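I have placed the structure first, in the form of structure tokens, so that the comments after it can refer back to it.
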Amino acid sequence: MAEITLSSLAHTYATNPASPEDYAIRKMDHVWHQGGAYALLGPSGCGKSTMLNIISGLLQPSEGDVIFDSRIVNDLSPEERNIAQVFQFPVIYDTMTVFENLAFPLRNIKTPEHKIAPRVHEVADILELTPVLKRKAKNLNADEKQKVSMGRGLVRDDVSAILFDEPLTVIDPQLKWKLRRKLKQIHEQFNITMIYVTHDQLEASTFAEKIAVMYEGKMVQFGSPRELFERPAHTFVGFFIGSPGMNFLDVTINNSGAQYGDIDIPISNHQHAIAKASESDNIKVGIRPEFVHVWDDRNEEAFEVQIKDMEDLGTYRIMSFYFGDSLMRARLHEDQRVPQKKAYVSFPEQWLTLYIDEYRVEAGNE
Amino acid sequence: MSKVKNNKAWLLVLPMLVLVSFSAIIPLMTVVNYSLQDILGNSAFFVGTEWFEKTLNDPRFQSALLRQFGFSFTILAIQIPLGIGIALLMPKKGWQASAVLILITLPLLVPWSVVGSMWQIFTRGDIGLMGHGIRELGYTYSITSNATDAWITIILMDVWHWTPLIALLCYSGLRSIPEAYYQAARIDRASKWAVFRYIQLPKLTNVLVIGVLLRFMHSFMIYAEPFVLTGGGPGSSTTFLSQSLTTMAIAQQDLGPSAAFSIIYFLIILAVSYVFYIGIMNMQKEKATKNGDA
Amino acid sequence: MSLTLENVSKTVDGEAWISDVDLTLEPGSFNVLLGRTLAGKTTLMRLMAGLEKPTRGRILMNGVDVTGVSVRDRNLSMVYQQFINYPAHTVYDNIASPLRLARMSKKVIDERVRETAKMLHLESMLNRYPLELSGGQQQRTAMARALVKDADLILFDEPLVNLDYKLREEFREELRELFKTKNCIAVYATTEPNEALALGGNTAVLHEGRLLQYGRTPEVYHQPKDILTAEMFSEPPINVVPGLVTESEVTFDETVHFKLNADLQSLTPGRYQFGVRASHIGLVPHADDDLELPMNVDLAEISGSETFLHVRSDKLELVLHLSGVHEYDVDEQIKVYFPTHKIYAFDMDGSAVHVPTRMGGV
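These protein sequence lines are chains Y, V and H, in that order.
Once you know that position 13 of the first sequence is 13 in my numbering, the rest is easy, because the numbers rise by one and skip nothing.
Once you know that position 67 of the second sequence is 67 in my numbering, the rest is easy, because the numbers rise by one and skip nothing.
Once you know that position 49 of the third sequence is 49 in my numbering, the rest is easy, because the numbers rise by one and skip nothing.
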């Protein structure tokens, strides 16, 4: 069990880095607490796999330290750090049975046989692999193989952390569901630090207590799924979390508030003050499709907008509409009245977020 | 998977078919013809399986066959593990990888009769590096008078000549193993031996099956190298099947028996290759049913 | 040009990869092939393309039998999961290649290539090589090459599977836009029900080589003909509860029962399998006659704005799809509300006998 601290960590693959763009991971400090379930979320190329490999020891960081429980481990290999890692595709020993696969790590450290069997059975039970223990590992299907991969990490009791690198990639969507649930149950049962890398926000939010969103080598937000959804700290988080992502409007600040073209957009006084004080010309407001209020009928408080598209997504609908020149989206509940051609929308102030230079401005009452 | 038939392709193949029938099928039929007849000058008597029986009971044939199997199995037993070992030691990237690859491949590029000549000179007691060197060390070494020396030298020559093939096949097989397997093994704290036994060796099976098949077939037909090196001697201690056959056919002009001999020779190789073929097909079938398609 | 598959089957080594598929695709339609891996989607597309010959049945284009015609003589293009481009050609040459093979004039080629590149946001990449581009851009190049030909049939075999989910969202939208104005037939294979819903058009649900249902996507989703289709086409999976219908009541496993309401009155008494969508079961009653069920919480999976709640009782296991964040402890006891007006009823063979009506139409 370990608390993992990243201190002034940065990494570049270039031999002579000249600018921040050359860095795969930009300078950062972070603590992963013991026993937590964490996700590293971001698009391809954001640096999350690099980060994972630095934590596990498969990669040495070019700058900074990796610290396990106050011990600097930069030079230690994954096995020396007691890290277990699960990869994108199942990694199993084809010629061994499932039982032998699970027993393998214990046999390598010369655990006595009578201690191995109960442990293997315990882990096989949790992963629902008991029926196939005697089968040759290569005859299993993809999700069973991936469970065996995971099982090998769980079977050792000196594991400091388990790292997952997009482990559900090869799994059938019907079964991804079950494995996600399994992972969560394992976490609750074993209480090991788990760090899960993915580009799928649903996977990350479902599994993790806290998510680190990475973008261009920076950790732009670290928070619970709820925080990421309701208060995204960076426009990228707003864009990346939620399907579809947040709506953004470029606004200008005048003396009374924010304006989009000649339409007034409601923001709090506190936000207004900060926006006015900053000299940036990159000011946006964001609102999530779930929070755009769509009225059944014409209303004084609502804007009349032209509807571009109405998608039926089974249990909800997505309405795309034009607000001035910008294309925005709103989410309608299945039973809500479906407007035709024109709709009436408003943006409740409590859900409007103000971003200056891509970073969020607090509303003042938090 | 069956492809949509395009009959125009047959036209392109026609010239090759004609060529093959001239150079292979017609001569083959001739041989079959000879093997069933006794030919003396212009007269031919049909003798059925007499030549086959005679050949199979001929002690010279039997001893040559035994020697041949002995030779093939010995070199397989040496070259396969040695080839795997070399492949494991070869560097994986950088200029060293290319350099080593070239060095390893060199023996394969030498024409086979030249290989024989090279080793013949190499092992001579008077001017050969190895031959003279061994004599200097105090051992009596002569491939022309000592059967054991002759055998060891032939085996050594073949190992030098052909192990690189196995090494190259295994090297490419090893390259195709994803890095994640090695990483997982490190995390599982597997020893180097366990990594070899549980990851590398299983992944090499496909490649090794091809390697063993190629080496068996080729060593079973070996002619130029031992002929140039020892001429089959001393006595007949290194006379393998191919040499035995050519002696019979050309030197002794025994067309009937040599035709039968050729066909028996051909059938043995065919039988062994067929066994391998079934094995490979089964392995591929297993893979296909597991991966399937979407 | 329309595409018809008539009683098409494909058997390989005794295994039926495709069985008795009858399907007609209209020109200008966007068709999704939905099914699990190994359901037969790729095989079906290869049959449509002419890369494989069916063991039985015919394939007709515009009424003309093309079953034996080789793929080279058919006017179609295909986009694969792996981003397949000619590595030694620039993006421009990649996109131009089918037009050059068709011996079009340089001027026309240039126009069409630039037009297609613009549609797929590749205008600034025309001089680069595919391997220098990101995954998304490589797949755009492959798609541009498929689209520039203006083929009658374009096939997509899970093309977005290797891209991250945000890129997938973007692509899906672009594809929808692109195909609105085209007159060709598009066929798109995927394993994800949500992708089928997002793409719209028509959906064909495949399972173990059989075609379960084909129709407009919202229709197939809301009005599945059988239980398999309902299960294949829902994420999270539809809850299935076996039950018994008597003269006046519906009973679930002898413990829970409610009065037969107007919707279900047409069911003859007997055993049925009832389906309820995860998003229709709630934590508060929506209608007066919602059924209250005491359950234990197995697990609460929380996503940014939604919660998937797994609950169980002695006899039932259900999944709820709730909006908002709901945190629960394991084994916590709660009450869930089961809507009696939104139940699907399937008979024991699996055919749908009752489908709930939907407000706002389908």
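Glycine residues also receive a C-beta, built at the ideal position from the N, C-alpha and C atoms.
All figures in this text were calculated on a predicted structure; none of them were measured in a lab.
- Between H:E306 and H:L283, the C-beta gap is not smaller than 9 angstroms, which leaves the two residues out of contact.
- When DSSP assignments are scanned along the segment 17-101 of chain H, the uninterrupted stretches of beta strand (DSSP E) that are 3 or more residues long and fall wholly within it turn out to be 30-34, 56-61, 76-79.
- DSSP places Y:M214 inside the beta strand (DSSP E), whose first and last residues are 210-215.
- For V:I121, the enclosing alpha helix (DSSP H) stretches over residues 112-122.
- Nearest CB-CB separation between V:D158 and chain Y: not below the 9 angstroms threshold.
- In the structure shown, H:Y129 adopts coil according to DSSP, grouped into three states.
- At a Cβ-Cβ threshold of 9 angstroms, Y:L40 and Y:M28 do not count as neighbours.
- In terms of beta-carbon proximity, Y:F240 lines the interface with chain H, with at least one pair separated by less than 9 angstroms.
- Using a Cβ-Cβ cut-off of 7 angstroms, Y:E79 is close to R186, I187, R189 of chain V, given in chain order.
- With the rule of 3 Cβ pairs closer than 8 angstroms, the segment 1-9 of chain Y counts as touching the segment 52-70 of chain Y.
- Contact annotation for H:A39 against chain Y: no contact, minimum CB-CB distance about 10 angstroms [criterion: below 9 angstroms].
- Remark: C-beta atoms of V:S117 and V:V228 approach each other more closely than 9 angstroms.
- Within the model, the alpha-carbon separation for H:L131 versus H:Q82 is close to 13 angstroms.
- Of H:L122, H:V71, H:R112, the smallest CA-CA separation from H:T90 is found for H:L122.
- When DSSP assignments are scanned along the segment 75-103 of chain V, no uninterrupted stretch of alpha helix (DSSP H) that is 4 or more residues long falls wholly within it.
- Linking Y:A273 to Y:S256 through their CA atoms gives a straight-line distance of about 10 angstroms.
- Bridge partners of Y:L249 according to DSSP: Y:V285.
- Closest option to H:N296, judged by alpha-carbon separation, among H:G275, H:K335, H:R277, H:A287: H:K335.
- Sequence-ordered contacts of the segment 20-40 of chain H with chain Y read R36, T37 [C-beta pairs closer than 8 angstroms].
- Chain-order list of chain H residues neighbouring Y:K184: L299, E301, by C-beta distance under 7 angstroms.
- Under the three-state reduction of DSSP output, H:G209 falls in the coil class, being neither helix nor strand.
- At least one beta carbon of chain Y lies nearer than 9 angstroms to the beta carbon of H:L197.
- In the three-state reduction of the DSSP assignment, Y:V237 falls in the helix class.
- Spanning the alpha carbons of Y:I186 and H:E26 requires a straight line of approximately 49 angstroms.
- Using a 10 angstroms sphere on the CB of Y:S8, the tally of other CB atoms stays under 16, which defines it as exposed.
- H:T217 has a beta carbon lying within less than 9 angstroms of a beta carbon in chain Y.
- Judged by DSSP secondary structure, H:S9 falls within the beta strand (DSSP E) whose first and last residues are 3-12.
- Residue environment for V:A24: exposed (fewer than 16 other C-beta atoms within 10 angstroms of its C-beta).
- For the options V:W112, V:V195, V:E136, V:Q79, the alpha carbon positioned closest to that of V:Y223 is the one of V:W112.
- For the options V:L40, V:I278, V:Q200, the alpha carbon positioned closest to that of V:D254 is the one of V:L40.
- Residues of the segment 33-46 of chain Y with a C-beta less than 9 angstroms from any C-beta of chain V: none at all.
- If the five residues before and after Y:C46 are omitted, its C-beta is found closer than 6 angstroms to the C-beta atoms of M214, Y215, all from its own chain and listed in chain order.
- Think of a sphere of 9 angstroms around the beta carbon of Y:Q85: the chain V residues whose beta carbon falls inside it are A180, Q183, A184, I187, in chain order.
- Scanning chain H for C-beta atoms nearer than 8 angstroms to the C-beta of Y:T206 yields E301, I302, S303, F308, reported in chain order.
- Non-local beta-carbon contacts of H:V325 in its own chain, meaning distances under 7 angstroms to residues more than five positions away in sequence, involve I302, T307 in chain order.
- Under the DSSP assignment, V:W10 falls outside any beta strand (DSSP E), being part of the alpha helix (DSSP H) whose first and last residues are 8-20.
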